[in-house]
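Report on the structure given below.
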Amino acid sequence: MIQSMTGFGKNIIQLPSKKITVELKSLNSKNLDLNARIPSSYREKEIELRNIIANSLERGKIDFSLFVEITGEVSNTKVNTAIVQGYMEQLRAVNVSNSGQNDDIELLKMAVRMPDALKVERDEIDETEYVEIKAALQEALKEINSFRSHEGAVLEKDFVARIENLLDLLKQVEAIDPERMDNVRERLNKAVADIKENVDENRFEQELIFYLEKFDITEEKVRLANHLDYFLQTLSSDDSNGKKLGFISQEIGREINTIGSKANFAPMQQIVVQMKDELEKIKEQMLNVL
């Protein structure tokens, strides 16, 4: 069963003092293009988290976000007391004319705005918390893969319908092929008659057969039918292989183009145009298959 590369997954975990949200978004891409947005305190785990995501999602343009919201009273931002007091003493020395409680409050307001007055203490990653994050990531991956499978089922239904349309159009090509060959033969006979030249009938018949063989599309019809069947077989396989389906689509297009170039018959060329239209819609959707 095929999978789409489009998907979304999200999981939220509530810890005693933190709310952590894991979010994954995925769009189509030829390769794995993973963009990660995580707090600096979790950077040392980024490579491991990336590997977990890559092993599960394989391909696509993926945005991974890890949001941390402090919900408790714990804060990593502290007042750098020694530096603030130092600033206040320097400011007081500059303004020796005033001293008092109100003046100290004003000096304090100025001091806390000075460089390094506040410091952020970097927390070490709690392993229990990290286990929770990985579990949340796995749940988000399950959700996005479920989303991808659902979208893939929709794509598969569309592909089957379009391949069946191509098979029906191929039957129409096969039905009018004898008429086409008769039409080509008739036009050649008329062209010779218009010249009003006496020709060797045996030689003419040989040349006619050779000419008609150049317009024969028997092999193309057989190969096209095989490619269409192979597409359906690959579509129903256990693994999603968008690249393989893309290669088969190219082969289908090659046979359709050859039939069109050999047709030399307006009704058949009209059918070929319909075939190309169906195939183009398949190729557009194929860009989103994993």
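Each residue of the sequence shown is one higher than the one before, starting from 37 at the first, in the numbering used here.
All residues carry an ideal CB built from backbone N, CA and C; glycine is no exception.
| Query | Result |
| --- | --- |
| Find the nearest neighbour of K170 within the set I141, G96, R86, E200, judged by alpha-carbon distance. | R86 |
| Which residues in the same chain as E287 place their Cβ atom closer than 6 Å to its Cβ, once the five residues preceding and following it in sequence are excluded? | H263 |
| Assuming the contact rule is C-beta atoms closer than 8 Å, V104 and I49 should be a hit. Round their C-beta distance to whole Å, please. | About 10 Å; that fails the 8 Å criterion. |
| Using DSSP bridges, identify the partner residues of E59. | K46, S101 |
| Assuming I106 and K46 form a contact by the criterion Cβ under 8 Å, report the distance between their Cβ atoms to the nearest whole angstrom. | Contact doesn't hold; Cβ gap of about 20 Å is too wide. |
| Please confirm whether any heavy atom of the ligand ATP lies closer than 7 Å to the CB of L264. | Summarising the ligand content, the structure contains no ligands, and the ligand ATP is consequently not present. |
| Note down, in chain order, each residue of its chain lying with its Cβ closer than 6 Å to the Cβ of K61, except the 5 sequence neighbours on either side. | F44, D99 |
| E187 by DSSP, collapsed to three states: which one? | helix |
| Rounded to whole angstroms, what is the Cα-Cα separation between V308 and V58? | 49 Å |
| Mind checking whether L70 and M41 have CB atoms under 8 Å apart? | no |
| Looking only at its chain, what residues have a beta carbon closer than 8 Å to the beta carbon of I292, apart from the 5 residues adjacent to it on each side? | L260, V308, M311, K312, L315 |
| Assuming N363 is part of the beta strand (DSSP E), what are its boundary residues? | Nothing can be reported for residue 363, as the shown portion of the chain is limited to 37 through 326. |
| Excluding five sequence neighbours on each side, which residues of the same chain lie with their C-beta closer than 6 Å to the C-beta of R184? | Q39, S40, G43 |
| Determine the DSSP secondary structure at K170, reduced to helix, strand or coil. | helix |
| Would you identify the three-state DSSP class for L205, choosing helix, strand or coil? | helix |
| Cα separation between Y19 and S77? | Look at the range of the chain in this structure, 37 to 326, and you will see that residue 19 is not part of it. |
| For a test of the three-state rule: what should DSSP assign to K66, helix, strand or coil? | coil |
| If L177 sits next to S92, beta carbons under 8 Å apart, how far is it from one beta carbon to the other, in whole angstroms? | 5 Å |
| Whole angstroms are fine: how far does the CA of R149 sit from the CA of Q121? | 12 Å |
| Measure the CB-CB distance between L102 and I119 and report whether it falls below 8 Å. | no |
| Any idea if V209 is buried or exposed, counting beta-carbon neighbours within 10 angstroms, 16 or more meaning buried? | buried |
| Residues in its own chain within less than 6 Å of Q137 by CB, not counting five upstream and five downstream? | Note on Q137: pLDDT 49, under 50, position unreliable in the model; no value is reported. |
| With 16 as the cutoff for other CB atoms within 10 Å, does A299 come out buried or exposed? | buried |
| Work out the CA separation of K145 and V325 for me, nearest whole Å. | 59 Å |
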